[in-house]
Amino acid sequence: GGGKAGVKLEKRSRTVFFRGFKKDTPEDAIKLFVRQKLEGVSKELIDDVYTFDPFADKGVVRFTTEEAMWDFMVEKKGNRRHDYEGQVIYVNVDQIPEVAAKERAVRKVVRAIIEMNGGDGDQVKQTIRARYKSGLVWWNNERVAEWNQESETMTLLGAAAVYAEKFNLLMNNK
């Protein structure tokens, strides 16, 4: 049996999502928008542009190779947010669920620290260092959060421990 998991993972490793369309946006509108953002990319490098439903909230691009996908993402670095009828559309690589969970937890730790320290966050941001893929956060030169691979949870340490309640609230509110 099997073999399908490897194919699925291989396809995933060359897929980019355009997320954030309003619910029930027509498939044709999403695909047209995505194709416009692919302008300049050789058609031979694009396997497919699609949505999961006739009315959807995200568009998908599957490149022919992982290299082509990364070339596109690197070329578009700094331009991964787009406006579509007043909605912010985010462009990001399809992720393995465990990686997505880790990166989301890091974002929520950073947000909890910023929100609990008031202001616009600019001051706090200058003192935060985050490694999204590693699941680590430092604040004021102290490690304040680390991802626990076994339990697949974020552990808040030191100065950030007092923000655990806010962090959990953010995690539960998606």
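According to our numbering, the sequence shown is numbered sequentially starting from 1.
Glycine included, C-beta positions come from ideal geometry on N, C-alpha and C.
DSSP lists PHE18 as the bridge partner or partners of VAL91. Considering only ALA56, ALA130, TYR132 and ALA101, the residue with the shortest C-alpha distance to SER151 is ALA101. Secondary structure of ASN148 (DSSP, three-state): strand. Under the three-state reduction of DSSP, PHE52 is assigned to coil, being neither helix nor strand. Between THR65 and LYS58, the C-beta gap is not smaller than 8 Å, which leaves the two residues out of contact. For LYS43, the number of other beta carbons within 10 angstroms of its own is below 16, and it is reported as exposed. Just measuring C-alpha positions, the residue of ALA130, GLN149 and ASN168 sitting nearest VAL99 is GLN149. Membership of VAL137 in the beta strand (DSSP E) is indicated by the continuous run 136–139. DSSP places ARG62 inside the beta strand (DSSP E), whose first and last residues are 58–63. The Cβ neighbour count for GLY135, taken over all protein chains shown within 10 Å, is at least 16; the residue is labelled buried.
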